[in-house]
Amino acid sequence: MAGLEFGVLTKLAGIALAAGGIVTGGLGNAGFKDISDLGGKIAEAFGGPSAAGPFSAFARRIAHQVEQAIDERARSPRNRDPAIVQQNLDHALQCFAAGLDRMLVSPGDFARGDLAADKIADYLVASLARFEPCFREGDENREARPLAREIFFRAVETALSDKAFLASLGGAVDRELLRRTTGLSVEIAVLGDKIDRAADESRAAHGVSQAMLAEVLARLPDPSAIKAEALRSIVEALQIAHVPQAEWPAKALEAIEGLLAKQHEPVVPTNQGADVDATIRQARDVAPDVQRAVGILREGRAHLREERLARQRAEAALLKEEADFLSLTYRHTEAIEALAEAIRLDPDDPWLCFQCGDSYLLIGSTQAALSRYRAGGEAAERTGDERDLSVSYNKIGDVQVAQGDLAGALTSFCKGLEIAERLSASDLGNAVWRRDLSVSFDRIGDVQVAQGDLTGALANIRAGLTITQALSDSDPGNAVWRRDLSVSYIKIGDVQIAQGDLAGALANYRAGLTIRQALSDSDPGNVGWRRDLSVSFEKIGDVQFAQGDLTGALASYRAGLTIAQALSGADPGNAVWRRDLSVSYIKVGDVQIAQGDLAGALANYRAGLTIRQALSDSDPGNVGWRRDLSVSFDKIGDVQFAQGDLTGALASYRAGLTIAQALSGADPGNAGWRRDLSVSFDKIGDVQFAQGDLTGALASYRAGLTIAQALSGADPGNAGWRRDLSVSFDKIGNVQVAQGDLTGALANYRAGLTIRQALSDFDPGNVGWRRDLSVSFDKIGNVQVAQGDLTGALANYRAGLTIAQALSGADPGNAGWRRDLSVSFDKIGNVQVAQGDLTGALANYRAGLTIAQALSGADPGNAGWRRDLSVSFDKIGNVQVAQGDLTGALANYRAGLTIRQALSDADPSNAGWQRDLIVSHAKLAQAGDDPRRNWAAAHAIALRLAEEGRLAPRDTGMVEVTRQQRDLAFNLSPS
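In our numbering, each residue carries its 1-based index in the sequence shown increased by 276.
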């Protein structure tokens, strides 16, 4: 029975509650103890031993409420209506199901549901066996009330008429459950007869009472003979003391006659229900006693109000179920309408508001979601449920993060944390509340990461880790706590990556992987554990990628891909598995791009696109699927750009832009959508720049800048927005350099530098900010070289070198930092060449070469490292030519050509590799190495690229230059 859904378990648990709690009047305190134990066992199966105590108390409270309701309603004729009885039960069971949702941690979690199913089924059957004798006829069972028994039977009958419920059952345990419940249901007819007989007896008793009353009245003395003083108590009861005494007898007689007439007045059916008619009849039966009659009517009204509310709650529950089905078929708008009506009927259920808000997020309406989450918080405040209130704060914070309001999100998460701390402190043994506390720490840490406060983030996430570690240590067999512990390790690793501590991140990711591998091995059929395992492989792959270990990264990503393929293959209709599979394809493609395998990368990106297109087509209103689709278009565009297919790249980027514009237009308050839009503008600008369309590129970059400025201005504390703004300044500066506007370029580069200096000063431990700062120094240095300010350029390059040396020295295993260091050596060498310091330049180029050789040697499959190595050989060759060392220069140029030829042969579609080949052949020809052959080879490549439309506009002159040099070489060289 391990595949049962949580809703099925809830229904089974509800039947067990009916069996135990509702008949406790016949079992005494023992009955309450049994239902309490059952509730504790259910909680323990889901949440571990620490959850049993609180849930037992909850189950006991529900059982008491049901028993009290039965006691109260048993005195009223209304309870003779089986429909009302069933309605009362439905409300009680809804309370029980809601309690399961709120008391247990993540009830829909795959792992927890599978793990607990068999265990709970055993408890349910045992519970039914315990109470079964109470439902049999016989003297020994007279204490078991027929009314309570009927309620139980109707609960069973309802469950057995639910086709979806029956379809989900299977196996020996379930057959036993069905056997017991079906066997008991035959008693319903007997009980119905008894209820009918009781109603007949009640009507007969009413007739007798009327006859007796008439006889008493006949024996009363003549009212006119009664003295006024003797009427005082009656007068006060009739509230006629304000009239003159002389009128008392007449007024009293008038009132009594009116009451008697009312008593004997036949009850005309009201068409408002038998319960209303019965209440009116009961009030008239005691008509002379006004207070009693009014009390009966008021009690009837109270019952009707309660009944109306119960019916509203019942209808709301049906609407919630309807919304669930609609969401499964991607009809989110209809689901929202159903939930809105449910909220109107039951405004005090915060979880209806939460579910409605979640649905709004699916269609991208963050403001509407925020409104619903806030309404859920208000409902939680009305009901006094602090935990639900903390949930509302967390959900509000999630929306504020999506909207880019990090300050507001931090405030919301901190409010949730305050509640979690208070609840946890009030009951240190409550594991659920302690877990809630750890989640609050994590959420605050996530915001601090986005704000650039990595130190604060790490402190909060480690506070969460301390809690999850303690929970896991207290119950090593609890898979849920162990899974939470793995999540904490991963979150710490995420911060360490941002800090540049790749070794630390890798250690934490591997700690999480160890836990997840053990969980998956202990239950190979648990798809939740297997999915977690694939995520861990991807996280490790991310670190390996950043370290430059492309071979290791590819192996990790493919391990995750294998799991994703298996999960998706086993359940092709599962959108989550299919989306995971698309992510795995993209991760593998990212490595292939770095390795220079553009064809392989394109194949994987297109595989991911196919999945995402299908998901988006199946649910056009799902903004998440549409956003994923735009990312796939961008990835394909990146490959096309690298292949020199600028037209194709532009088409792909514009497809992504169209989606980004639609998402942002539909929800202007969503900062994430606006940021995506700015990225699309930047990518289109990159293509336009490569095409030589500097005016178009500048317009695109400025469109991105406008968005970045608005986002950063709206939330100055968001470090991510500020960094994006610095990137926009850099891109505009790049165009201005190409346009010859060096003054404008320098101004924009310095604007970017100002932002990056502030970010780095705010968090000196953030290596990302420091690396960005070094890039700004390099950009400014480039402009100064173009302006002829070599001294200024050298100063800025050395400032960048200082940062690169510090980063690489702190983490020698980080290939990215080492590569940056080699670039800094090259830039300083370039200035020294311009200054005529060839010896100094050669020393710096060789320092860069040493790093490039080490990186390429450590990972020969990394095309980027191999290309860098060829550039280093060229630079050294250039100095040697200037020094007159042609032999040394030719050796280095040939070494570079060998690398470039291999890269080009491995991926002929890469236009960049082809262009590098042109450069190598030209350098060899200029150095005197068979000019005819090398110029001819260079021209042939340039001409082919031009004919294929893969030669960048800025390089179109290569065709004519190489042709002229080829012709010149053949004319002057001996035949």
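Glycine included, C-beta positions come from ideal geometry on N, C-alpha and C.
Along the alpha helix (DSSP H) that carries residue i, what are the first and last residues, could you check?
{"i": "ALA1091", "result": "1091 to 1111"}
{"i": "THR605", "result": "No alpha helix (DSSP H) holds THR605; DSSP gives it neither H nor E."}
{"i": "GLU697", "result": "682 to 702"}
{"i": "LEU1227", "result": "Here LEU1227 belongs to no alpha helix (DSSP H), and DSSP marks it neither H nor E."}
{"i": "SER1185", "result": "Run containing SER1185: none; DSSP gives neither H nor E here."}
{"i": "ASP914", "result": "899 to 918"}
{"i": "GLN679", "result": "Neither: GLN679 is in no alpha helix (DSSP H) and is coded neither H nor E."}
{"i": "ALA707", "result": "707 to 727"}
{"i": "GLY941", "result": "922 to 942"}
{"i": "ASP958", "result": "947 to 966"}
{"i": "ALA1069", "result": "1066 to 1086"}
{"i": "ASN1138", "result": "Here ASN1138 belongs to no alpha helix (DSSP H), and DSSP marks it neither H nor E."}
{"i": "ASP1042", "result": "Per the sequence shown, the amino acid found at residue 1042 is Asn instead of Asp. Per DSSP, ASN1042 belongs to no alpha helix (DSSP H) and is neither H nor E."}
{"i": "ASP866", "result": "851 to 871"}
{"i": "GLY884", "result": "874 to 894"}
{"i": "GLY660", "result": "Premise fails: GLY660 is in no alpha helix (DSSP H) and is neither H nor E."}
{"i": "ASN736", "result": "730 to 750"}
Looking at residue j and residue i, is the spacing between their C-beta atoms short of 9 Å?
{"i": "ALA1139", "j": "ASP873", "result": "yes"}
{"i": "ALA656", "j": "LEU665", "result": "yes"}
{"i": "ALA590", "j": "ALA599", "result": "no"}
{"i": "GLY920", "j": "ARG1226", "result": "yes"}
{"i": "GLN1190", "j": "ARG1239", "result": "no"}
{"i": "ARG1047", "j": "LEU1083", "result": "yes"}
{"i": "ALA1198", "j": "ALA1165", "result": "no"}
{"i": "LEU1066", "j": "PHE1101", "result": "no"}
{"i": "LEU826", "j": "VAL859", "result": "no"}
{"i": "GLY961", "j": "ALA975", "result": "yes"}
{"i": "ILE766", "j": "VAL715", "result": "no"}
{"i": "TYR606", "j": "ASN850", "result": "no"}
{"i": "ALA1021", "j": "ASN1010", "result": "yes"}
{"i": "TYR1169", "j": "SER1196", "result": "yes"}
{"i": "LEU830", "j": "GLN871", "result": "yes"}
{"i": "ILE1104", "j": "LEU1125", "result": "no"}
{"i": "LEU1001", "j": "LEU981", "result": "yes"}
{"i": "ASN1042", "j": "GLY728", "result": "yes"}
{"i": "ASP1039", "j": "LEU730", "result": "yes"}
{"i": "GLY640", "j": "LEU970", "result": "no"}
{"i": "GLY673", "j": "ARG719", "result": "yes"}
{"i": "GLY932", "j": "ASP910", "result": "yes"}
{"i": "LYS671", "j": "GLY633", "result": "yes"}
{"i": "ALA1128", "j": "VAL1147", "result": "yes"}
{"i": "ARG658", "j": "LEU699", "result": "no"}
{"i": "GLY776", "j": "ASP1087", "result": "yes"}
{"i": "GLN724", "j": "ASN706", "result": "no"}
I think residue i touches residue j, with their Cβ atoms under 8 Å apart; what is that distance to the nearest whole Å?
{"i": "ARG1094", "j": "ASP1144", "result": "Rounded, the Cβ-Cβ distance is 11 Å, inconsistent with contact."}
{"i": "ASN855", "j": "LEU891", "result": "According to the sequence displayed, residue 855 carries Arg and not Asn. The pair is a contact, with the Cβ atoms about 6 Å apart (cut-off 8 Å)."}
{"i": "ALA877", "j": "VAL915", "result": "5 Å"}
{"i": "ILE839", "j": "LEU809", "result": "6 Å"}
{"i": "ARG888", "j": "TRP901", "result": "7 Å"}
{"i": "ASP625", "j": "ALA578", "result": "ASP625 to ALA578, Cβ: 22 Å. No contact."}
{"i": "GLY1028", "j": "ASP1006", "result": "5 Å"}
{"i": "ALA678", "j": "GLY948", "result": "5 Å"}
{"i": "SER642", "j": "ASP943", "result": "Before going further, note that residue 642 is Thr rather than Ser in the sequence given. Right, their Cβ atoms sit about 6 Å apart."}
{"i": "TYR1025", "j": "VAL1059", "result": "6 Å"}
Pick out the complete alpha helix (DSSP H) segments inside the stretch 614 to 653, 4 residues or longer, and give them in chain order. Segments of the alpha helix (DSSP H) lying fully in the stretch 614 to 653: 626 to 638.
Just to confirm the assignment: which complete alpha helix (DSSP H) runs, minimum length 4, are found wholly within the stretch 762 to 825? Secondary structure within the stretch 762 to 825: the alpha helix (DSSP H) runs of 4 or more consecutive residues, fully enclosed, are 778 to 798, 803 to 822 (chain order).
As an exercise, report each continuous alpha helix (DSSP H) stretch of at least 4 residues that is fully enclosed by the stretch 990 to 1018, in chain order. Taking only runs of at least 4 residues, the alpha helix (DSSP H) segments lying wholly in the stretch 990 to 1018 are 995 to 1015.
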